[in-house]
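A short worksheet on the structure shown next.
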Amino acid sequence: MQEQLFQKKIDAEQKIEPKDWMPDGYRSHLIRQISQHAHSEIIGMQPEGNWITRAPSLRAKMILLAKVQDEAGHGLYLYSACETLGISRDELNSQLHQGKAKYSSIFNYPTLSWADMGAIGWLVDGAAIVNQVSLQKTSYGPYSRGMVKICKEESFHQRQGYEIMSEMANGTKEQKEMAQDALNRFWWPSIMMFGPHDSDSPRTGNAMKWKIKRKTNDELRQDFIDKTVAQAELIGLKIPDPDLKWNEERSSYDFGEINWDEFWGVVNGNGPCNEQRLNHHIKAHEDGEWVRKAAKAYAEKQNS
Ligand code: FAQ
């Protein structure tokens, strides 16, 4: 009975709020997805943080600093949304450190040149926005409201990345080559961010029924590709996919086969930077122990 009422509410596009009744499966599905999303924002600070000290101008450095800080903020909104489901931040961190919680595959690739800052903003934030715009309508209230705020900032991130790519693509021969190289390395991992094909995605069924996801992995991936190809053409860069072709009938691009062995290898811990990313997070967490203790002691003193 409760479950029927819950589904009726979802079907009527009403939001589910923290104190409402919800099936255990809905709660655990959300904890998994929102925490994976939060961890992605926080681990995602590492590849870009790598370039803050080497930004080519003061302007570029200020913009990158602000962007990386925004990602920290997104992580915090998302952890807070997740905590409303009855799990603590400590537990979420411990799941990440034990390798039980995932984070987006994309952040396990290295950032080798300044052009990678452009490619990440343009492609990775671009892919994240396509996904997150649809998540603004997700059925869980705190997640949906968090997404509205996050999307505003992500659009700025996408534009700053595209600006870097555009400047480099129109710069010297070497700069154009760097931009193309960054696109070559980040294109496929970016389209992998949307997850496995719908036919191989075990979570999509419940996610669509409960309106946690509003579009499937393949629908979102196609939206992203259709938006991005023209942007590459405009700045004279070439998408590294020989099978990419406009399909008149579908009014969409056909594209080549994704390397799923690479995708699952990265998801299962064997990407180029998995170990480095996780070890760095664990070290930062341990180094910050004294701050957490001091903050807790201060709060206790205030309340005593
Ligand atoms: N990486 O059945 P599905 C950002 C896992 S934010 C790793 O299709 P689902 C901002 C999946 O968890 C980027 N694992 O799963 C930024 C599941 O495993 P599980 C993060 C992946 O949940 C920019 C299994 O495969 N965004 O970038 C990936 O229905 C720049 C089967 O998959 C979000 O998290 C993957 N790419 O669909 C920050 C958005 N794909 O958990 C810094 C919210 C799949 O059963 C710098 N999340 N898996 O053990 C979602 O929309 C969904 O969770 C998907 C996956 C679409 C990621």
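Residues in the sequence shown are numbered from 140 upward in steps of one, following my numbering. Glycine included, each C-beta is placed from N, C-alpha and C at the ideal position.
- Distance cut-off 7 Å: arginine 292 Cβ against heavy atoms of the ligand FAQ: In the sequence shown, residue 292 corresponds to position 153, counting from 1. Here the sequence assigns glutamate to residue 292, which means arginine is not the residue at that position. Glutamate 292 has its CB no nearer than 7 Å to any heavy atom of the ligand FAQ.
- Give me the Cα-Cα distance between methionine 332 and phenylalanine 363, rounded to the nearest whole angstrom. For the purposes of this step, residue 332 is taken as residue 193 along the sequence shown, with counting starting at 1. For the purposes of this step, residue 363 is taken as residue 224 along the sequence shown, with counting starting at 1. Each residue's alpha carbon lies about 11 Å from the other.
- Item | Bridge-paired residues (DSSP) for asparagine 386 | Working through the sequence shown from its first residue, we reach residue 386 at position 247. Asparagine 386 has Ser391 as its beta-bridge partners, per DSSP.
- Message: For the stretch 319-332 against the stretch 253-262, do three or more pairs of beta-carbon atoms, one drawn from each stretch, fall closer than 8 Å, so that the two count as touching?
- Response: As far as the Cβ criterion goes, the stretch 319-332 touches the stretch 253-262, which means the pair count is three or higher.
- Item | Candidates Lys148, Glu439, Asn413, Ala199, of which the one nearest serine 179 by Cα | Counting from one through the sequence shown, the residue named residue 179 turns up at place 40. The candidate whose alpha carbon is nearest that of serine 179 is Asn413.
- Query: DSSP on tyrosine 279, reduced to helix/strand/coil?
  - Reply: For the purposes of this step, residue 279 is taken as the residue at position 140 of the sequence shown. Tyrosine 279 falls in the strand class under three-state DSSP.
- Message: Let me check one thing: in DSSP terms, what residues is isoleucine 155 bridge-paired to?
- Response: Position 16 of the sequence shown holds residue 155. The secondary-structure analysis by DSSP pairs isoleucine 155 across a beta bridge with Tyr279.
- For the candidate residues Ile374, Ala346, Glu388, Arg431, whose alpha-carbon lies nearest to that of isoleucine 149? In the sequence shown, counting from the first residue as 1, residue 149 sits at position 10. When only C-alpha atoms are compared, the closest one is Ala346.
- Message: Closer than 7 Å to a non-hydrogen atom of the ligand FAQ - does that hold for the CB of valine 287?
- Response: Taking the sequence shown and counting its residues from 1, one reaches residue 287 at position 148. Checking the 7 Å criterion, the Cβ of valine 287 is out of range of every heavy atom belonging to the ligand FAQ.
- What number of angstroms, rounded off, separates the C-alpha of tyrosine 282 from the C-alpha of glutamate 142? For the purposes of this step, residue 282 is taken as residue 143 along the sequence shown, with counting starting at 1. For the purposes of this step, residue 142 is taken as residue 3 along the sequence shown, with counting starting at 1. When the Cα atoms are used, tyrosine 282 and glutamate 142 turn out to be separated by approximately 21 Å.
- Message: Does the beta-carbon of asparagine 356, which I'm using as the reference point, lie nearer than 7 Å to any heavy atom of the ligand FAQ?
- Response: Position 217 of the sequence shown holds residue 356. For asparagine 356, the Cβ falls inside the 7 Å cut-off from some heavy atom of the ligand FAQ.
- Message: Could you tell me the alpha carbon to alpha carbon distance between glycine 375 and proline 328, rounded to whole angstroms?
- Response: Numbered from 1 along the sequence shown, position 236 holds the residue referred to as residue 375. Numbered from 1 along the sequence shown, position 189 holds the residue referred to as residue 328. Roughly 21 Å between the two C-alpha positions.
- Query: Going by Cα to Cα distance, which pick from Met201, Leu215, Arg171, Tyr279 is closest to glycine 238?
  - Reply: The sequence position of residue 238 within the sequence shown is 99, counting from 1. It is Arg171 whose Cα lies nearest to the Cα of glycine 238.
- Any idea if methionine 201 is buried or exposed, counting beta-carbon neighbours within 10 angstroms, 16 or more meaning buried? In the sequence shown, residue 201 corresponds to position 62, counting from 1. By the neighbour-count rule (16 or more Cβ atoms within 10 Å), methionine 201 is not buried but exposed.
- Query: Rounded to a whole number of angstroms, what is the C-alpha to C-alpha distance between leucine 231 and serine 443?
  - Reply: Working through the sequence shown from its first residue, we reach residue 231 at position 92. Working through the sequence shown from its first residue, we reach residue 443 at position 304. Inter-residue distance for leucine 231 and serine 443 is about 28 Å (C-alpha atoms, whole angstroms).
- Query: Does the Cβ of glutamine 146 lie closer than 7 Å to at least one heavy atom of the ligand FAQ?
  - Reply: Here residue 146 is taken as the residue at index 7 of the sequence shown, counted from 1. No, the ligand FAQ has no heavy atom inside 7 Å of this Cβ.
- Rounded straight-line distance, which links the Cα of threonine 311 to that of lysine 352: Here residue 352 refers to the residue found at position 213 of the sequence shown. Here residue 311 refers to the residue found at position 172 of the sequence shown. Roughly 43 Å separates the two Cα atoms.
- Run through DSSP, which three-state label would methionine 286 get? What you label residue 286 is simply residue 147 of the sequence shown in a count that begins at 1. Methionine 286 falls in the helix class under three-state DSSP.
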